[in-house]
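Q: Before I ask anything, here is the structure I am working with.
2 protein chains.
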Amino acid sequence: MEPKAAIDAFAALAQETRLSVFRLLVQAGPGGLPAGDVAARVGVPASTLSHHLGLLERAGLLRSWRVQRQIFYATDYEGTRRLLAFLMKDCCQGLPELCGTNIADPIDCCVETMA
Amino acid sequence: MEPKAAIDAFAALAQETRLSVFRLLVQAGPGGLPAGDVAARVGVPASTLSHHLGLLERAGLLRSWRVQRQIFYATDYEGTRRLLAFLMKDCCQGLPELCGTNIADPIDCCVETMA
DNA sequence: TTGACAATTCGATATTTGTGGAATTATCGT
DNA sequence: ACGATAATTCCACAAATATCGAATTGTCAA
Chain A
362 MEPKAAIDAF
372 AALAQETRLS
382 VFRLLVQAGP
392 GGLPAGDVAA
402 RVGVPASTLS
412 HHLGLLERAG
422 LLRSWRVQRQ
432 IFYATDYEGT
442 RRLLAFLMKD
452 CCQGLPELCG
462 TNIADPIDCC
472 VETMA
Chain B
362 MEPKAAIDAF
372 AALAQETRLS
382 VFRLLVQAGP
392 GGLPAGDVAA
402 RVGVPASTLS
412 HHLGLLERAG
422 LLRSWRVQRQ
432 IFYATDYEGT
442 RRLLAFLMKD
452 CCQGLPELCG
462 TNIADPIDCC
472 VETMA
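Chains as they are written, first to last, in my numbering: chain A, 362 to 476; chain B, 362 to 476.
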């Protein structure tokens, strides 16, 4: 991942409405929600929300698809994973024993069933 | 964690110099680096860097302490963990099987030795 | 084809943010 | 106390960003 892409992604999350939207969709799961539902839930005008959704999608944090007249948005879990991986890359010079905290600990969702 | 605090943290990471600094310190580990070393490594004037370090620290991503004439900065692993936990809270309605990606997978550093 | 609905794009304004030289504060060795 | 070093604060300017009403595009049912 390029630093530029990570900056875009963090900038996307660094705004009240967009952070609410992202967390709402993280909680909603892969099925996502239509743009209109998201607008109603976070309480912002459609035009403003559209701007924010587009920014989150271009940042690689959301994906979207059309169903009839609605456009659904959902978390891009792979894009999100790449972002967090970039941020923590080569943590502690690769020596886990240096750290006293398990960063990954609370992120216990979206775990593929072990093969 | 309050949304406001998370926004400050993501905003802190959404800037080229600051993201470089944070990643540098993630890799440096808990021992951290003096401000001057950081400035030299990322190639920015001391005053500019000081501004950025202060912002990262106030955002809960770094901590600092004085040693003689130098001020050391290091990743605040606990603050970082709280941020990522907030972002992914209640992912997939608590139903991991809904997701196809293990978000935590790449964040395999800083893992406490299992008791 | 007409009307209604869902969402996006346009545009103009107000706000926030990044930058780095100069001055300041803090610490140290002699 | 003095000079040197390390870092921060101050300041002013340039650049990027959030907002939302109005207009536009795309989709659907009859």
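C-beta: ideal position from N, C-alpha, C; glycine also.
#1: Note down the Cα distance separating residue 436/A from residue 409/A, rounded to an integer number of angstroms.
#2: Could you pull the start and end residues of the beta strand (DSSP E) that residue 428/A belongs to?
#3: Looking only at its own chain, which residues have a Cβ that is under 8 Å from the Cβ of residue 451/A, when we skip the five neighbours before and after it?
#4: Could you list which residues in chain B have their beta carbon closer than 9 Å to that of residue 433/A, in chain order?
#5: Can a CB atom of chain A be found closer than 8 Å to the CB of residue 397/B?
#6: Run down chain A in chain order and give the residues with a C-beta less than 9 Å from the C-beta of residue 377/B.
#7: Say whether chain B places a C-beta atom closer than 8 Å to the C-beta of residue 384/A.
#8: Measure the alpha-carbon distance for residue 392/A versus residue 417/A and round it to whole angstroms.
#9: For residue 429/A, tell me which candidate among 364/A, 419/A, 396/A has the shortest Cα-Cα distance.
#10: With burial defined as no fewer than 16 other Cβ atoms inside 10 Å of the residue's Cβ, what is the status of residue 474/A: buried or exposed?
#11: Thinking residue 422/B and residue 373/B are a contact (beta carbons under 8 Å), I'd like their distance in whole angstroms, please.
A: Reading from the atomic positions:
#1: 19 Å
#2: 423-428
#3: none
#4: For the C-beta of residue 433/A, not a single chain B residue is nearer than 9 Å; the gap to the nearest is close to 15 Å.
#5: Chain A contact via Cβ: absent.
#6: 364, 365, 368
#7: yes
#8: 17 Å
#9: 396/A
#10: In this prediction, residue 474/A has a pLDDT of 33, which is less than 50 and means its spatial position is unreliable; nothing more can be read from the coordinates.
#11: 6 Å
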